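Chemist: Using UniProt numbering, the first residue of the sequence shown is number 1, and each one after it goes up by one. Positions of the beta carbon are idealized from the N, C-alpha and C atoms, including for glycine. All values derive from a computational prediction rather than experimental measurement. Here it is, the structure in full.
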Amino acid sequence: MSEVNRRPGPGRQQSQAPELDAINVELAETVERQVYRSIRQAMMSGRVAPGTSLTSRSLAQVLKVSAQPVRDALKRLEADGVLEGRPQSGFLLRHVSQQEYREIIEIRQRLEGLAGRVALSSMNIDTIGKLERINVRMSRLDSAKEALAENYRFHFTIYRMADRPTLLALIENLWVRMGPALHHHPYKINSADTMERHDEIITALKNRDPDAVESAIAEDLGAAANLVVPRLPK
């Protein structure tokens, strides 16, 4: 884990850093691209909280790479509108406002509903089984952090089946923007409801009903937003 710190505040203690996917220098993909992808992955799966400060030096130590590709990746994330550059203190993971979150959810409902619809053409029993196993694991988790990771796996297992790279990239970009805000999701209060909504998505996929798939995904995203938005800054 890295020495990623949150911006100090009253009563706030240094938090543990998110886990980051390892870098493989033997891959054809550049180190900078792998670093960029690793940090984005941590954001999408809710491993980085809003207000977290990221420095190239600490992340480079964790990923066992030089500071330059990390710095380049952080600058790309700043250009993406996810991070805010802070002189002498690295980059800050920006907070999402209530209005911005609502807008993102509205767009996500359309895009992810479309991805679910398209995924039906290649959906198979093995993938359905994988989704069911993910949902069972989620129902047994006490850790919100682990539950967020499983929620990410659940949704992207479906979206990747659509085999639409551009659509997937758009969805991922929105998850990067709002993923950290999921730290405000009261998972332990709402876990049973989440499982039930995921079951509805699975049932719609089994029935090969595109309208039901789209509706179930939109309902899942909307219900989560109703819990998260009141906890976000205005």
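For residue 35, which residues from the same chain have a beta carbon less than 7 Å from its beta carbon, with the 5 sequence-adjacent residues on both sides left out?
Modeler: Here residue 35 corresponds to residue number 35 of the sequence shown, with the count starting at 1. Excluding sequence neighbours, residue 35 sits near 23, 63, 65, 69, 70 and 73.
Chemist: Using only alpha-carbon positions, find the residue among 31, 219, 108 and 173 that is nearest to residue 201.
Modeler: Counting from one through the sequence shown, the residue named residue 201 turns up at place 201. Here the closest residue by C-alpha is 219.
Chemist: Label residue 41 either buried or exposed according to how many other C-beta atoms from any shown protein chain fall within 10 Å of its C-beta, with 16 as the threshold for buried.
Modeler: Position 41 of the sequence shown, counted from the first residue, corresponds to residue 41. Buried: at least 16 other Cβ atoms inside 10 Å.
Chemist: With residue 40 as the anchor, note down where its alpha helix (DSSP H) starts and where it stops.
Modeler: On the sequence shown, position 40 is the one that residue 40 refers to. Per DSSP, residue 40 belongs to the alpha helix (DSSP H) from 31-44.
Chemist: Taking the alpha helix (DSSP H) that residue 56 falls in, what are its first and last residues?
Modeler: For the purposes of this step, residue 56 is taken as residue 56 along the sequence shown, with counting starting at 1. Where residue 56 is concerned, the enclosing alpha helix (DSSP H) stretches over 56-63.
Chemist: Flag residue 121 as yes when its Cβ comes closer than 7 Å to any non-hydrogen atom of the ligand GTP, and as no otherwise.
Modeler: Looking at this structure, you won't find the ligand GTP or any other ligand, since it has none at all.
Chemist: Going by C-alpha to C-alpha distance, which of 98, 157 and 81 sits closest to residue 92?
Modeler: Residue numbering aside, residue 92 sits at position 92 when the sequence shown is read from its first letter. Minimum Cα distance to residue 92 is reached at 81.
Chemist: Hey, residue 77 and residue 39: beta-carbon distance below 8 Å or not?
Modeler: Position 77 of the sequence shown holds residue 77. Position 39 of the sequence shown holds residue 39. Closer than 8 Å, so yes.
Chemist: Rounded to whole angstroms, what is the Cα-Cα separation between residue 107 and residue 225?
Modeler: As a first step, residue 107 must be located in the sequence shown, where it is residue number 107. As a first step, residue 225 must be located in the sequence shown, where it is residue number 225. C-alpha separation (whole angstroms): 12 Å.
Chemist: Relative to the C-alpha of residue 85, which residue among 141, 58 and 53 is closest?
Modeler: Looking up residue 85 in the sequence shown gives position 85. Selected option, being the one with the closest Cα: 53.
Chemist: With distances taken Cα to Cα, identify the nearest neighbour of residue 83 among 233, 177 and 210.
Modeler: What you label residue 83 is simply residue 83 of the sequence shown in a count that begins at 1. Residue 83 has its Cα closest to that of 177, out of 233, 177 and 210.
Chemist: By the 10 Å Cβ neighbour count, where 16 or more other Cβ atoms means buried, how is residue 2 classified, buried or exposed?
Modeler: Counting from 1 along the sequence shown, the entry for residue 2 is found at position 2. Residue confidence is low: residue 2 scores 37 on pLDDT, short of 50, so the model does not pin down where it sits. Its coordinate-derived value is still stated next. Buried, by the Cβ-count rule.
Chemist: Comparing alpha-carbon positions, which option in 210, 229 and 232 lies nearest residue 112?
Modeler: Along the sequence shown, read from residue 1 onward, the residue named residue 112 stands at position 112. Comparing Cα-Cα distances from residue 112 to each of 210, 229 and 232, the minimum goes to 210.
Chemist: Run through the region 94-157 for me and flag every whole alpha helix (DSSP H) of 4 or more residues, listed as ranges in chain order.
Modeler: Listed in chain order, they are 98-119 and 125-139.
Chemist: Please state the DSSP three-state secondary structure of residue 53.
Modeler: In the sequence shown, residue 53 corresponds to position 53, counting from 1. Correct three-state label for residue 53: strand.
Chemist: Can the beta-carbon of residue 161 be found less than 8 Å from the beta-carbon of residue 122?
Modeler: In the sequence shown, the residue the question calls residue 161 occupies position 161. In the sequence shown, the residue the question calls residue 122 occupies position 122. Yes.
Chemist: Distance, Cα to Cα, residue 207 vs residue 151?
Modeler: Taking the first residue of the sequence shown as 1, we reach residue 207 at position 207. Taking the first residue of the sequence shown as 1, we reach residue 151 at position 151. The alpha-carbon atoms of residue 207 and residue 151 are separated by roughly 22 Å.
Chemist: Using beta-carbon positions only, say whether residue 119 and residue 158 come within less than 8 Å of one another.
Modeler: The sequence position of residue 119 within the sequence shown is 119, counting from 1. The sequence position of residue 158 within the sequence shown is 158, counting from 1. The answer is yes: Cβ separation under 8 Å.
Chemist: Per DSSP, residue 77 forms a beta bridge with which residues?
Modeler: Residue mapping note: residue 77 aligns to position 77 of the sequence shown, counting from 1. The partner list for residue 77 (beta bridge, DSSP) is empty, contrary to what the question assumes.
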